[in-house]
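The sequence shown begins at 21 in the numbering used here and counts up one residue at a time. I have placed the structure first, in the form of structure tokens, so that the comments after it can refer back to it.
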Amino acid sequence: MTQYLYLLLSVLGVVLPYSQLLPFLREHGMNLPLLVEQLFANRVSAFFALDVVVSSAVLWVFVFVEGRRRRMRHLWVYVLCNLLVGVSLALPLFLYVRERRVNEARGAAMS
21 MTQYLYLLLS VLGVVLPYSQ LLPFLREHGM NLPLLVEQLF ANRVSAFFAL
71 DVVVSSAVLW VFVFVEGRRR RMRHLWVYVL CNLLVGVSLA LPLFLYVRER
121 RVNEARGAAM S
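Now the structure itself:
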């Protein structure tokens, strides 16, 4: 059951951030200097931006350490999800796949 909550959170992790990014892209295109300027427009937005950067670094370490420990494959996918969307997609997606892996291992041990 928990794994499906992670899957739902993965979907929200794409929909909610992109609901804010897509209008920006429609209006300004892929204007990275403007995006960064607006991202760090004030101390509050910079606080959240830097929080996401640190959270992303922690996520990458977690994905590679836990993913290898669980013998999960294609760990680069979660880094790519993090870069394309953010922690809001990459973390719940990783946890969803990890939970499936844990459940499969439990099922195999019980057989």
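Where a beta carbon is used, it is the ideal one built from N, C-alpha and C, also for glycine.
Rounded C-alpha distance that separates residue i from residue j
i	j	result
Leu-143	Gly-127	Nothing in the structure corresponds to residue 143, since the chain is present only between 21 and 131.
Val-17	Asn-62	Not covered by the structure: residue 17. The range shown for the chain is 21 to 131.
Val-56	Phe-44	12 Å
Val-122	Ala-110	18 Å
Glu-124	Arg-118	10 Å
Three-state secondary structure (DSSP) of residue i
i	result
Val-105	coil
Ser-65	helix
His-94	coil
Met-130	helix
Phe-60	coil
Gly-33	helix
Asn-123	helix
C-beta neighbour in chain C for residue i, strict 7 Å
i	result
Ala-110	Here chain C cannot be found, since the structure has a single protein chain.
Rounded Cβ spacing between residue i and residue j (contact assumed at less than 8 Å)
i	j	result
Arg-120	Gln-23	6 Å
Within 7 Å, strictly: CB atoms of residue i and residue j
i	j	result
Leu-95	Gly-87	yes
Ser-135	Pro-112	Residue 135 lies beyond the range of the chain shown here (21 to 131); nothing can be said about it.
Ser-108	Gly-49	no
Phe-114	Val-72	no
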